[in-house]
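The next block holds one structure in the form of structure tokens; read it before the comments.
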Ligand code: MN
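In this note's numbering, the protein residues as written are 221 to 952.
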């Protein structure tokens, strides 16, 4: 390759570019940039731009945008200098690879392919867009070089004939600006939009331009009046900051006027102010928010915290609207310098925050992918953080595939993802209601594994709900957690409904079930616990009305039987009722009395408990514990019927008492418990009832004790059994 000597202006240009690179970039390969510059200068030597300048001014300008505005790296600056070589000269890819290395050659080749693709005029179709996206994700610098190229062409569009201006501006507005938006390159997006607007709709552009200039002074005056008190307070608080009236872009004003059907004045008078803090600490933004709301009254519904919950593309800021002087509403954005750069430069800002490495391409693409992953997944960190981190780590090690919506939007999902994963990636509601899917236009089952680059369309139906089977085949954390959340919530609702139905019916039939009776009942019916039982009722799997009717008939029959036969002890309460009533000795009002009495089954007193008697009609005295909640709630007339009672001295009677306990289930636990009671404590057990669910057991034991001390000793001893977490006397 022969290199022409640079003339003097060219030599000055090169030196200026190198200076810019050294000022902004982390590392600069001077030799590479010098060589690329000289080669570009030579290869384009006899060509001129429409402006009459030598052609190499264009690649130089594109390279300068990358070094000064996007702030990428020396590789992309070199590629920018060479970006039109393959298209406009006879040199080809292999030559560039040999002279400048494979990375630079790939970037130039990629930028050229993007140009070709756009020239084919099919880019509005999702198919081409998809290919383009796949291509660019390999190395994000390709698209950044292309954006810089387009930006310079738009900035110098005045030199082209009108039809060409319209064609290029249309292409820019249709393709490049939305693409810049997708990559978070706001600054480029706005400039491309305003420049396109200028050429496509010169009258409206001029009109807005004139009006903005006419009101500039007034506007700046107001902004100053608004910001001065804030600036004072921030300085006093020791903040370093930049405070500015947020510039309004002509095209966005125009769009708002058209979309909202409002005159210029109304759109333009919505003032907006931005506070950029020179701090590393995100929480400083909240302090500053506090200061601003101290000065101006905030409109509560307009507060948005994108710092705790960033937007999908990584955007972070606080947005608040306050009432400024003259009662005008002013939007205030508060963010750190770093947040601001990401907000303005998107993926390019991300680039400048990472350290320069050796294997730039791999590192860059890895980081790009994980950056995209992070921002895609951030919105989803609501539930159990540990589970989330585990799933997220798993996702990081999985291969990824790129999937496209029918509109050409890109979604990155783990390999093996199904249409259900994809549906949840779009939106929770799309996931919850998805009923079918098309891959590349063909209807497929919901558990189909999607291939890289496929286009997927989700079919939804209002009546569709997540199916428990989905949990078995989805792979993304997001889909899993959303399905789980939906199913749990539905289960909870049905269980609650079942409980209500049951309680209503029980009340109507004037029945009463204690917790213990209900546990026994659900166990007899082979339900794992009460929740499962109520769920069955709520879901219509168990006819509780039928059951309760038969229950009443059975109870009546039992009662009649009992009158003649020796009683069979069905439940704890029945036992209490029968065994603990009768003619007994009791100290009533200080004197031993042999009277008709029974022990209240609501509190099951045992010797040692403080007790009180209640004179019933026809059943003698009913003995309660003094702290029984029934006694506490007695009405005045009932209280009149209470008598002082006490345990007779030296009575050797066995009393029943209930113990409730719970803890972690393990093998041999029940036998340890029964051993402690019967062997260690030498106590008889009347009955046991245990439920185990998810490794947690919960149960009750009925034992025979002599008195309260005896009972407390048992409770104390049981607390020391491995796995037992809580033990307490059963109070009904
Ligand atoms: Mn170009």
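A virtual CB, placed ideally from N, CA and C, is assigned to each residue, including glycine.
Measuring alpha carbon to alpha carbon, tell me which residue in the options is nearest residue i.
| i | options | result |
| --- | --- | --- |
| residue 282 | 543, 373 and 900 | 373 |
| residue 718 | 754, 491, 830 and 898 | 754 |
| residue 223 | 248, 844, 256 and 240 | 256 |
| residue 671 | 251, 560, 359 and 636 | 636 |
| residue 419 | 687, 318, 649 and 385 | 385 |
| residue 921 | 930, 542, 909 and 432 | 909 |
| residue 765 | 729, 748 and 443 | 729 |
| residue 469 | 410, 327 and 565 | 410 |
| residue 408 | 458, 862, 285 and 649 | 285 |
| residue 464 | 839, 711, 445 and 655 | 445 |
| residue 836 | 848, 849, 850 and 858 | 858 |
| residue 891 | 932, 661, 498 and 943 | 943 |
| residue 850 | 276, 449 and 824 | 824 |
| residue 716 | 736, 752 and 748 | 752 |
| residue 538 | 544, 512 and 546 | 512 |
| residue 264 | 487, 304, 623 and 493 | 304 |
| residue 324 | 378, 249, 335 and 382 | 249 |
| residue 504 | 528, 904 and 278 | 528 |
| residue 227 | 252, 258, 247 and 242 | 258 |
| residue 428 | 476, 247 and 633 | 476 |
Please report the distance separating the alpha-carbon of residue i from that of residue j.
| i | j | result |
| --- | --- | --- |
| residue 645 | residue 406 | 24 Å |
| residue 740 | residue 881 | 16 Å |
| residue 786 | residue 777 | Note on residue 786: pLDDT 38, under 50, position unreliable in the model; the coordinate value appears next. C-alpha separation (whole angstroms): 15 Å. |
| residue 651 | residue 678 | 9 Å |
| residue 525 | residue 496 | 15 Å |
| residue 631 | residue 723 | 49 Å |
| residue 240 | residue 687 | 59 Å |
| residue 852 | residue 917 | 32 Å |
| residue 261 | residue 319 | 15 Å |
| residue 398 | residue 415 | 14 Å |
| residue 576 | residue 245 | For residue 576, the predicted model reports a pLDDT of 39, less than 50, meaning its position is unreliable and no value from the coordinates is stated. |
| residue 535 | residue 556 | 11 Å |
| residue 560 | residue 553 | 10 Å |
| residue 459 | residue 449 | 14 Å |
| residue 860 | residue 708 | 51 Å |
| residue 720 | residue 742 | 16 Å |
| residue 758 | residue 714 | 5 Å |
| residue 394 | residue 627 | 14 Å |
| residue 767 | residue 738 | 13 Å |
| residue 894 | residue 706 | 41 Å |
| residue 614 | residue 368 | With a pLDDT of 41 at residue 614, under the threshold of 50, the modelled position of that residue is not reliable, and the figure given next carries that caveat. Using only the alpha carbons, I get a separation of about 37 Å. |
| residue 745 | residue 704 | 28 Å |
| residue 308 | residue 238 | 25 Å |
| residue 275 | residue 401 | 30 Å |
| residue 234 | residue 254 | 7 Å |
| residue 931 | residue 807 | 22 Å |
| residue 376 | residue 424 | 21 Å |
| residue 295 | residue 484 | 45 Å |
| residue 306 | residue 312 | 5 Å |
| residue 772 | residue 839 | 24 Å |
| residue 668 | residue 711 | 27 Å |
Give me whichever residues DSSP pairs with residue i in a beta bridge.
| i | result |
| --- | --- |
| residue 378 | Its beta-bridge partners do not exist; DSSP assigns none. |
| residue 813 | 806 |
| residue 844 | 832 |
| residue 877 | 923 |
| residue 458 | According to DSSP, which records beta bridges pairwise, residue 458 is partnered with nothing at all. |
| residue 819 | 843 |
| residue 657 | 664 and 678 |
| residue 268 | 274 |
| residue 296 | Note: residue 296 sits in no beta bridge, so no partner. |
| residue 492 | 551 |
| residue 882 | 918 and 946 |
| residue 464 | 494 |
| residue 912 | 917 |
| residue 517 | 543 |
Whole-angstrom Cβ separation of residue i and residue j, contact assumed at under 8 Å?
| i | j | result |
| --- | --- | --- |
| residue 471 | residue 417 | 4 Å |
| residue 691 | residue 700 | 6 Å |
| residue 842 | residue 818 | 6 Å |
| residue 508 | residue 542 | In fact, because the Cβ distance is near 12 Å, the residues do not count as touching under 8 Å. |
| residue 826 | residue 928 | 6 Å |
| residue 938 | residue 947 | 5 Å |
| residue 684 | residue 654 | 7 Å |
Mind listing, in chain order, the residues whose beta carbon lies closer than 7 Å to a non-hydrogen atom of the ligand MN?
278, 279, 282, 303, 304, 369 and 373
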